[in-house]
Amino acid sequence: MATIERLNNVSHKDVKINTAYSPELGDNVMFSLTFPAEFRSAQAYYPIVFHKDAQSGQFYPVVLLGFQQQENLFLNQGKWDAGYVPINVSRQPFSIGVQDGQRVVNIDTDSAKVSADGEPLFLEFGGHAPYLEKVSGMLEALHHGVEENKGFVECLLEFKLIESFTLDVTLNDGSQHQLLGFYTINEDTLNELTDEQYLTLRAKGYLTSIYMMLASQSQFADLVSRKNKQLNLA
Amino acid sequence: MNTSVKKILIVGGGSAGWLTASLLAADYRFDKSVQISLVESPDVKHIGVGEGTWPSMRGTLQRIGLSETDFIVSCNASFKQGSWFRNWHTHTHPNHYHHPFTPPVAAAEFDIAPYWFPHSDKVDFAHAVSTQAAMIEAGLAPKQITTPEYAFVNNYGYHLDAGRFVQLLQRHAVNQLGVEHILDNVVSVNGDKDKPIQSIQTAQHGLIEADLFIDCSGFASLLLGQHYDINFLEQRHVLFNDCALAAQVNYAEPETAIASATLATAQSAGWIWDIGLQTRRGIGHVYSSAHSSDENAEHTLRRYIGEQGADVEVRKIAIKPGFRETFWQHNCVGVGMAAGFIEPLEASALVMVELAAKFISEQLPSGQRQMAITAKRFNETFRYRWERIIDFLKLHYVLSKREDSDYWRDNRDAASIPESLSEMLEVWRGHSPSRYDVPMAEELFPAASYQYILYGLQHCAGKKSKPVNPRFQQRALQQFQYMAAQKQQLKAGLPNNRTLLKQIASHGLQTI
């Protein structure tokens, strides 16, 4: 369960955040939302693919962190085992809320990350601690990212650039697994776009994002080797 | 497709006319030499037969280029996963069975029915061999919001508002597919009765010539019936129902569950349909005027509807069960009610339109000499289809054990049973229904459908004949267990109908 409260320096004066990453802290997610502005950092570590939202069926880009529900292969003894932590992960347990037309910071006070020790949110006289400043920046980026995703996905769908894919994975013990329910860039369609369509993508700034998604596919091999290592098969 | 049929005129603008026009126009949209026009009278009100479709409608809508989201939103549509028959077996105690759209599991591999016999007292056939009956009873949708349009988790067709469906098809056919729409009355038909039709005389638009005339004028059957005088083969001696009383009933609450199947509840002189759309239910009583007065029928219908619809308006529709002796005569082919009509027990009206439109489109003759051959084949195919529908509907009545009226006893009278059906019933003493009973490639009702009805009505087809072949014993057991496990999984993952319909209205279905 989550209890979402609007963050303020009175009731949350003494709240501290455990900034470690572990299944116990709720970081055992198989995938997490990302957005074009984050692709450059994310593609260096994670496959970036599309997923459909379970409530709306709408596509959104995600970084893939594991092969099955609740599997995050980047969690390692309380640490995040990669040079870049996706914003939608590192912003936990905070989210964006809207109050009187203004964006505000919400906190899930039921999150296991809320603890007695850790990073303080407020300074002695009520000002924002550096950690909270950093979180606010992330939430701002996330907000714009989610907005940007809509246009990005809409344009790609219009040009029929999204296709479903099935990843067949064979682990070192010979066991075979299949990854379903994710979507990627259709390269055949991409290569057959008209000049006009191609220029549209360039003008909207989506070309880089598209190619970064394609490049990120090489991270599937890394994901498989992490899985092998986790099962002591490496 | 190389054809000398360049100009096609569809006469009549109901669902038959606009479906046929849309399908032809979609198939020939890259062939500018084929021109499709539809003339309809501004004065005719459409009957709007059957608010239920078969799963084939998904393919048809996709083929004519409609988005499923647009269709669902604009036609008040919901999902139909089959028919749910209540009290057809006997009248003495409540009973029900399903005819789901999903065939029995592993049907392509082997016939699972004989392996179900030993368990038939514990689990009914539909529940043993498919997951769909359980989903229907749980009111769950056949897909999720993440399932692409026209794709499914469980096979489905639709319940729809026929009036709005015609409007949607018309808009699409005219605006997107370039069908010429002529609003006018047909005054006369020009041509000798033993020759092709030359033209149609209209009140305002003069003469309209065409190479092929498609009669979609409904019961009036302007071309086939009135011009060519083609015999109507009435089938009331087999299927007694000749009247329907139809009503529209609002849901008690905006959040009332929407049923996922057509409910068909047997009555003493007919049966009642109950179809759940997004905003209302369509409920109607089909009955035999020889066995019930209109007053009694209305009383039965109002009792079914109950308090909540105490003041609803009831509309009477006459049904003349039967079909034309010929459907394609010279350069004129009848589609929809102009060709025939049978009570909506298995919602066969729209699927017959789809099948006819596809046949015409795919087999458009290359010249007058070929047209005669195409016509002959069309007539044979559709004669066969009408006869099979009649057999299949009659089966629902023949196997009933109801003793509450002459209606049911008369229905079991050997004289009222077509020979083709009697033959099948004889074969089924020793065998479960198989593809040998229904051998055509495009059967309307495959062997699976016969199995659902027979075993649903507790007929013992093949049960006592011979020991079960042990060859598939293990496979069958696995399949039964698989079905049980699947049911649990699906129940956890599928939304209810109303939830999914709301999600579709807000977000639309993805195309992939």
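Protein chains in written order, with numbering that gives the first Met the number 0: chain A, 0 to 233; chain B, 0 to 511. Backbone N, C-alpha and C define an ideal beta-carbon position, used for all residues, glycine too. Source: prediction; values computed, not measured.
Whose Cβ in chain B lies nearer than 7 Å to the Cβ of residue i?
i               : result
I161 of chain A : I511
So which residues on chain B does residue i lean against when the C-beta distance must stay under 8 Å?
i              : result
F58 of chain A : Q509
Would you report the Cα separation of residue i and residue j, rounded to the nearest angstrom?
i               : j               : result
W53 of chain B  : V61 of chain A  : 38 Å
V467 of chain B : E108 of chain B : 16 Å
I106 of chain A : A346 of chain B : 54 Å
I184 of chain A : L200 of chain A : 13 Å
L32 of chain A  : T261 of chain B : 41 Å
F471 of chain B : A140 of chain B : 32 Å
C242 of chain B : D183 of chain B : 30 Å
S32 of chain B  : P364 of chain B : 15 Å
F84 of chain B  : G217 of chain B : 29 Å
L221 of chain B : F391 of chain B : 29 Å
S287 of chain B : L244 of chain B : 11 Å
G56 of chain A  : T255 of chain B : 24 Å
Q34 of chain B  : V10 of chain B  : 14 Å
E50 of chain B  : L499 of chain B : 20 Å
T325 of chain B : K192 of chain B : 14 Å
S399 of chain B : H236 of chain B : 18 Å
K15 of chain A  : A115 of chain A : 6 Å
L176 of chain B : V350 of chain B : 22 Å
F124 of chain B : N27 of chain A  : 43 Å
S421 of chain B : S36 of chain B  : 44 Å
Q101 of chain A : M211 of chain A : 33 Å
V178 of chain B : D310 of chain B : 41 Å
Count the other CB atoms, across all protein chains shown, that sit within 10 Å of the CB of residue i; report buried if there are 16 or more and exposed otherwise.
i               : result
G305 of chain B : exposed
E342 of chain B : buried
V97 of chain A  : exposed
A246 of chain B : buried
K228 of chain A : exposed
H92 of chain B  : exposed
F164 of chain B : buried
M423 of chain B : buried
F322 of chain B : buried
T2 of chain A   : exposed
K78 of chain A  : exposed
R428 of chain B : exposed
I316 of chain B : exposed
H50 of chain A  : buried
G180 of chain A : exposed
V9 of chain A   : exposed
P438 of chain B : exposed
E294 of chain B : exposed
Going along chain A in order, which residues have a C-beta closer than 9 Å to the C-beta of residue i?
i               : result
H506 of chain B : D52, Q54, S55, G56 and Q57
Q502 of chain B : Q54, S55 and G56
What residues in its chain sit with their C-beta under 6 Å from that of residue i, if we drop five residues either side in the sequence?
i               : result
G335 of chain B : A15, C215 and V352
F116 of chain B : K462
A394 of chain B : Note that residue 394 of chain B is Leu in the sequence shown, not Ala. Around L394 of chain B: I452.
Y396 of chain B : N410
R225 of chain A : L72
D172 of chain A : L232
Using a cut-off of 8 Å between C-beta atoms, extract the partners of residue i located in chain A.
i               : result
Q487 of chain B : None at all; the shortest Cβ gap to chain A is about 17 Å.
Starting from the C-beta of residue i, find all residues in its chain whose C-beta is less than 8 Å away, skip the five residues before and the five after it, and write them out in chain order.
i               : result
Y547 of chain B : Because residue 547 of chain B is not part of the residues shown, which for chain B are 0 to 511, the question remains open.
K490 of chain B : A133, M134, A137 and L139
L22 of chain B  : T59, R62, I63, E353, A356, K357 and S360
D42 of chain B  : N184
Which residues in the same chain as residue i place their Cβ atom closer than 7 Å to its Cβ, once the five residues preceding and following it in sequence are excluded?
i               : result
D167 of chain A : Q175 and Q177
G275 of chain B : S77, H158, I257 and A258
T18 of chain A  : G117 and E118
D52 of chain A  : Y59
K12 of chain A  : F121
T299 of chain B : Q266 and H284
Name, please, each residue of chain A whose Cβ falls closer than 7 Å to the Cβ of residue i.
i               : result
T145 of chain B : K51, A53 and G56
* To do: Could you name each continuous beta strand (DSSP E) segment of 3 residues or more that falls completely within the segment 245-279 of chain B, going from the start of the chain to the end?
  => Taken in chain order, the unbroken stretches of beta strand (DSSP E) that lie wholly in the segment 245-279 of chain B and span 3 residues or more are 261-266 and 269-275.
* In the segment 291-335 of chain B, which residue ranges form an unbroken beta strand (DSSP E) of at least 3 residues, counting only runs that do not cross its ends? -> With a minimum length of 3 residues, the continuous beta strand (DSSP E) runs that stay inside the segment 291-335 of chain B are 314-317, 321-323 and 331-333.
* Every unbroken alpha helix (DSSP H) inside the segment 134-198 of chain B [4 residues or more] -> Runs found: 161-170.
* Considering only residues of the segment 26-99 of chain B, which uninterrupted beta strand (DSSP E) runs meet the minimum length of 3 residues and lie entirely inside it, listed in chain order? -> As far as the segment 26-99 of chain B is concerned, its whole beta strand (DSSP E) runs of at least 3 residues are 34-39, 77-79, 81-85 and 95-99.
* To do: Only counting runs of 4 or more residues, tell me where the alpha helix (DSSP H) segments fall wholly within the segment 165-216 of chain A, in order along the chain.
  => Correct list: 186-190, 194-203 and 205-215.
* Ranges of the alpha helix (DSSP H) found wholly within the segment 60-105 of chain A, counting only runs of at least 4 -> Listed in chain order, they are 86-89.
* **Sequence ranges, alpha helix (DSSP H) only - wholly within the segment 409-453 of chain B, length at least 4** => Within the segment 409-453 of chain B, complete alpha helix (DSSP H) segments of at least 4 residues are found at 418-426, given in chain order.
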